[in-house]
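Going by our numbering, the letters in the sequence shown line up with residues 11 to 448, in that order.
Beta carbons are placed, not taken as given, at the ideal position from N, Cα and C, and that holds for glycine.
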Amino acid sequence: MKRINNSVIALSLFVGIANANAQEKKNLSLDEAVQLGIQNSKNLKIDAAKIEEATADLLEAKNRQLPELKVSGSYMYLPIKPNVELKLPGVSGGAGGPEVHQVLYGSANLSVPIYSGGRIKYGIQSAKYLVEASKLSTENDKIAIAYNVAQAYNNLFKANQAIKVFEENLIASQKRDETFLKMENNGLIARNDRLKANLQTSNIELQLLEAKNNYNIANINIDLLLGLPETTEIDVDQNYIEEGSEVKPVDFYVNEARENRKDLQALAQQRKAAELGTKSAKAENLPSLAFTGGYVAADIPKFLTIYNAVNVGVGISYNLSNIWKENSSLKQSQAREKQLAATDELLNDNIKLDVNREYQNTDYSKKKIAVFEKSAEQANENFRITKNKYDNGLATMTELLDADAAQISANVGVINAKADAALAYRKLLQTTGTLTIK
Numbered sequence: 011m012k013r014i015n016n017s018v019i020a021l022s023l024f025v026g027i028a029n030a031n032a033q034e035k036k037n038l039s040l041d042e043a044v045q046l047g048i049q050n051s052k053n054l055k056i057d058a059a060k061i062e063e064a065t066a067d068l069l070e071a072k073n074r075q076l077p078e079l080k081v082s083g084s085y086m087y088l089p090i091k092p093n094v095e096l097k098l099p100g101v102s103g104g105a106g107g108p109e110v111h112q113v114l115y116g117s118a119n120l121s122v123p124i125y126s127g128g129r130i131k132y133g134i135q136s137a138k139y140l141v142e143a144s145k146l147s148t149e150n151d152k153i154a155i156a157y158n159v160a161q162a163y164n165n166l167f168k169a170n171q172a173i174k175v176f177e178e179n180l181i182a183s184q185k186r187d188e189t190f191l192k193m194e195n196n197g198l199i200a201r202n203d204r205l206k207a208n209l210q211t212s213n214i215e216l217q218l219l220e221a222k223n224n225y226n227i228a229n230i231n232i233d234l235l236l237g238l239p240e241t242t243e244i245d246v247d248q249n250y251i252e253e254g255s256e257v258k259p260v261d262f263y264v265n266e267a268r269e270n271r272k273d274l275q276a277l278a279q280q281r282k283a284a285e286l287g288t289k290s291a292k293a294e295n296l297p298s299l300a301f302t303g304g305y306v307a308a309d310i311p312k313f314l315t316i317y318n319a320v321n322v323g324v325g326i327s328y329n330l331s332n333i334w335k336e337n338s339s340l341k342q343s344q345a346r347e348k349q350l351a352a353t354d355e356l357l358n359d360n361i362k363l364d365v366n367r368e369y370q371n372t373d374y375s376k377k378k379i380a381v382f383e384k385s386a387e388q389a390n391e392n393f394r395i396t397k398n399k400y401d402n403g404l405a406t407m408t409e410l411l412d413a414d415a416a417q418i419s420a421n422v423g424v425i426n427a428k429a430d431a432a433l434a435y436r437k438l439l440q441t442t443g444t445l446t447i448k
């Protein structure tokens with residue numbers, strides 16, 4: 011039995027060491043976390059594929075201005091003798107003609123576009139605008155990812171700080187419980203008062219458990235955002251909460267948004283592409299002109315041989331059905347222009363709303379810090395005074411415990427207020443498109 015117990019203890023120690031090793035710790039500043047989040051973002055991988063697709067469309071548009079050269083050839087075997095009758099004067103044909111059993115034929119055709127109503131030119135320029143729009147959309151997504159990582163980082167910081175506060179207060183509360191137990195045993199306080207103190211300790215333990223649960227969830231969330239193993243424990247740098255600078259007037263941020271918002275710039279590129287699409291659709295009613303050239307060679311043994319049959323010329327193409335058919339492509343393109351124009355107006359309105367809202371939130375968050383700091387000073391002083399009164403028999407146990415709970419809440423509130431203010435400022439920068447990605 012002793013050997014079994016020793017084996018169980020050894021196995022438990024091994025499992026404990028393995029778990030400790032599996033939990034990797036990683037120190038990351040906020041900027042490092044943002045870089046890692048951008049590097050491993052699945053959304054940005056999708057954006058990269060969209061840029062490749064738009065670039066391929068541009069290549070296709072450019073290819074339309076290049077010459078077309080087509081080569082074809084064929085060989086045919088005729089198992090049954092065909093009836094060949096030549097109608098040329100002085101040439102006899104019919105049943106007594108040559109036996110034809112195979113035919114060889116080859117040709118090469120060259121076409122060089124000269125004029126297409128501007129469709130090729132408009133197509134190339136439109137594709138360029140769409141490539142630029144895809145790149146700008148990617149930059150906009152990077153800024154959004156930078157804020158999402160900052161938000162996750164902030165939640166992890168707040169949960170970690172709450173754990174520290176509750177752990178400190180739990181230690182103090184447990185020591186107080188030991189003191190009150192001795193005082194009860196000496197008949198200095200009633201058992202009921204000692205139980206009230208024990209209940210306060212249990213409440214702090216529950217708050218600590220909740221804070222640890224929030225921390226674990228926040229840690230898994232940021233691991234997934236950064237593309238790290240879910241067992242990685244992120245050690246945050248709390249200095250980031252001091253990053254906020256003086257907030258300028260709201261008009262400054264509105265103007266910054268108009269100049270720097272990547273989604274607004276991407277929409278502008280899409281509108282330019284749509285305008286060219288309308289011009290290209292109008293050009294469908296115009297004829298196309300191309301330089302043409304060709305070469306033909308044929309061989310029918312014992313009957314006909316052709317080679318050096320070279321031809322050059324100019325070809326014109328015009329779809330006469332355009333006279334009575336309505337140009338649906340033009341109507342679609344014009345509708346697209348109207349849609350993008352309305353989207354532009356809506357986006358500008360939303361930008362004004364977003365900037366003003368986040369400006370107010372930033373201002374509110376900064377003011378909250380001062381209020382919470384004042385509240386914490388008052389709560390700490392109140393606890394000190396109440397403790398002195400209780401020690402001198404001038405305050406009840408309930409008053410002491412209430413003062414202690416208020417002190418804990420106020421101290422946690424100060425930390426959260428500072429973290430929220432730093433995050434609110436970053437959100438304001440995101441809405442202006444100026445959130446830096448170092």
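When C-alpha distances from A345 are compared across K80, Q275, E285, the shortest belongs to E285. Secondary structure at T406: coil, using DSSP grouped into helix, strand and coil. With a beta-carbon spacing of about 6 Å, I173 and K222 fall inside the 8 Å limit used to define contacts. Under the three-state reduction of DSSP, L438 is assigned to helix. The continuous beta strand (DSSP E) containing A308 extends over residues 298-310. In this structure A276 touches N150 by the C-beta definition: roughly 7 Å separates them, less than 8 Å. With contacts defined by Cβ atoms closer than 8 Å, L68 and K152 do not form a contacting pair. Counting the other CB atoms within 10 Å of its CB gives L314 a total below 16, which places it among the exposed residues. The residue from Q161, E109, R201 with its alpha-carbon nearest to that of K91 is E109. A residue is called buried once 16 or more other Cβ atoms fall within 10 Å of its Cβ, and A352, having fewer, is exposed. Across the structure, L114 and N318 are spaced so that their CA atoms are roughly 15 Å apart. Nearest to S126 by alpha-carbon distance, out of L330, G304, P297, K312, is P297. If you draw a 10 Å sphere on the C-beta of D414, you find 16 or more other C-beta atoms in it, and that means buried. Assigned with DSSP and collapsed to three states, T315 falls in strand. About 34 Å separates the beta carbons of T442 and E243, which is beyond the 8 Å limit, so they are not a contact pair. Rounded to whole angstroms, the gap between the alpha carbons of A154 and K384 is 34 Å. Cβ contact annotation for F176 (same chain, cutoff 7 Å, sequence separation greater than five): I214, Q217, L218, A221, in chain order. Here N337 is not near A293, since their CB atoms are 8 Å or more apart. In the same chain as T288, and ignoring 5 residues on each side of it, the C-beta atoms closer than 7 Å to its own belong to L340, S343, Q344, E347, in chain order. Comparing alpha-carbon positions, the option among D309, S327, S419, E240 lying closest to E34 turns out to be E240. Shown here, N37 sits in a strand according to DSSP, grouped into three states. If you draw a straight line from the Cα of L46 to the Cα of N53, it is about 13 Å long. Between L445 and N164, the C-beta gap is not smaller than 8 Å, which leaves the two residues out of contact. For the pair R367 and K258, the Cα-to-Cα distance works out to about 14 Å. In this structure the region 418-438 lies against the region 369-382, because at least three pairs of beta carbons, one per stretch, are closer than 8 Å. In this structure, DSSP gives D247 a state outside helix and strand, which the three-state scheme calls coil.
Around the beta carbon of L38, 16 or more other beta carbons sit within 10 angstroms, so the residue counts as buried. Annotation: the continuous beta strand (DSSP E) that includes E78 extends over 78-87. In chain order, L120, V322 place their CB closer than 6 Å to the CB of G303, counting only its own chain and leaving out the 5 sequence neighbours on each side. Listed in chain order, the non-local C-beta contacts of R201 below 7 Å within the same chain comprise E194, local neighbours out to five positions each way being set aside. Contact between A380 and A420 does not hold, since their C-beta atoms are separated by about 13 Å, which reaches or exceeds 8 Å. A distance below 6 Å between beta-carbons, with the five flanking residues on each side excluded, links D354 to the following residues of its chain, in chain order: L277.
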